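Under the numbering used here, the first residue of the sequence shown carries the number 65, and numbering increases by one thereafter. Positions of the beta carbon are idealized from the N, C-alpha and C atoms, including for glycine. In this text the structure is predicted, and so the values were computed from the model without any measurement. Step one of this worksheet: look at the structure below.
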Amino acid sequence: MNNHSNIVISIASGKGGTGKTTLAVNLALSLANVEVLDCDVEEPNVHLFLKPKIRHEDKAYLLVPEVEKEKCDFCGICQEVCAYNAIAVLKPTSKTKGNVLVFAALCHSCGACSLLCPQKAIKEVKKEIGVVVNGGLESIDFVGGRLNVGEAMAPPLIEQVLKCISRTKTVIIDAPPGASCSMISAVKESDFCILVTEPTPFGLNDLILAVEVLRKLKISFGVVINRSDIGDSAVLDYCVREDIVVLMQIPFEEKIARAYSQGITIVDILPEYKDKFRSLNNQIIRIIAKRNGFGYIKKNETNCCN
Ligand code: SF4
Ligand code: SF4
């Protein structure tokens, strides 16, 4: 949970393509004094809709081990301590020399191998994993991560984006879709998570998975149903059954779909939606205030309102 006096809202979805980024951008454009963090680093697209002016772009790195073989005695400790099977020790035999193989794509940069190597044979070297871009648009600050193509480790880049989290502005985090470790990395510091779904069997299935994750993390959450008039009532029935608040329903509108395909936001073509998004934000503030017993100033409690 965020420890500062501002509010941090993450927007996630069990399933891709439900309108998560659309909600993040339109909510940001409806509020004042906002920071948007694009943590969907494998497929970032907030910038396509928000169109921020990019001020700088910084390379992001992961520290991975490099073995100085002349110092190594092939004891095997590094392989034993690596929880991710990212390092393998081939002990020398009468016919072969020993070797230590590092699988950098699996390395989580925990540092255990270099710390525990008795021969001090492991040093950490930088491996570029992507970029972090900083920019903005009027009162909206923007920070986004972009993972290099073929790079598997999204969470370390997400952590680097989250280091830019504002302590004063309302923060909106566009989280990766799914319910994996990338999504967890993106939502874990938030005060509230909006789960965007659609009223289909796939939408419901993936919503259930995301709800389970948020309950385990003890993060308050609510649901927004996009294209709410297409499909069935199973998502609504599930929310009622599980006592999950449905914050907003956005019906399908061809105008919105056409605008989306051209990178145009909902509030640009239907400005009346600004009030709906502000009202969504006010609902979240009220839920957090109720949870905390006063205002939305943070307490060190972990109660989940759902
Ligand atoms: S822990 Fe150090 S000395 Fe032992 S095998 Fe690994 S690199 Fe070599
Ligand atoms: S830094 Fe951690 S994850 Fe990476 S190889 Fe070493 S022990 Fe494994």
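Inside the region 195-234, DSSP marks whole alpha helix (DSSP H) runs of 4 or more residues at positions 218-226, from first to last along the chain. With a cutoff of 7 Å, Cys-171 counts as near ligand 2, since its C-beta is closer than that to a heavy atom of the ligand. The Cβ-Cβ distance between Leu-311 and Val-288 falls below 8 Å. Here DSSP, grouped into helix, strand and coil, assigns Gln-347 to helix.
About 6 Å separates the Cβ atoms of Ile-351 and Ser-284, confirming a contact at the 8 Å cut-off. Beta-bridge analysis with DSSP links Gln-313 to Ile-289.
Taken from the Cβ of Asp-137, at least one heavy atom of ligand 1 lies inside 7 Å.
Boundaries of the alpha helix (DSSP H) around Ile-141: 141-145. Ile-308 is bridged by DSSP to nothing; it lacks a bridge partner. Under the 10 Å beta carbon count, Arg-119 is surrounded by fewer than 16 other beta carbons and is classified as exposed. Spatial neighbours of Gln-183 in its own chain (CB-CB distance under 7 Å, excluding positions within 5 residues in sequence) are listed in chain order as Lys-135, Cys-136, Asp-137. In the pairwise beta carbon analysis, the region 73-87 is classified as touching the region 251-266: at least three pairs are separated by under 8 Å. Counted as a single uninterrupted DSSP element, the beta strand (DSSP E) harbouring Val-153 occupies residues 151-154. Assigned with DSSP and collapsed to three states, Asp-122 falls in strand. Just so you know, the alpha carbons of Pro-220 and Leu-126 end up roughly 7 Å apart. DSSP places Glu-276 in the uninterrupted alpha helix (DSSP H) bounded by 265-281.
Taking a contact as a CB-CB distance under 8 Å, the pair Gly-209 and Val-235 does not count as one, their CB atoms being some 15 Å apart. If you look at Ala-321, you'll find it in the alpha helix (DSSP H) that goes 318-325. Where Ala-76 is concerned, the enclosing beta strand (DSSP E) starts and stops at 72-76. Per DSSP, Cys-245 is not a residue of any beta strand (DSSP E); the alpha helix (DSSP H) it occupies stretches across 245-251. Taken from the Cβ of Pro-182, at least one heavy atom of ligand 1 lies inside 7 Å.
Counting along the chain, Thr-261 sits inside no alpha helix (DSSP H); it lies in the beta strand (DSSP E) bounded by residues 256-261. For Lys-190, the pairing in a beta bridge is given by DSSP as Leu-127. Between Cys-146 and Ala-176, the gap from beta carbon to beta carbon is short of 8 Å.
Distance between Ala-321 and Tyr-148, taken at the CA atoms: about 42 Å. In the DSSP assignment, no residue is bridged to Asn-90. Between Val-275 and Ile-237 the beta-carbon gap is near 18 Å, outside 8 Å, which marks them as no contact. For ligand 1, a non-hydrogen atom lies closer than 7 Å to the CB of Ile-141.
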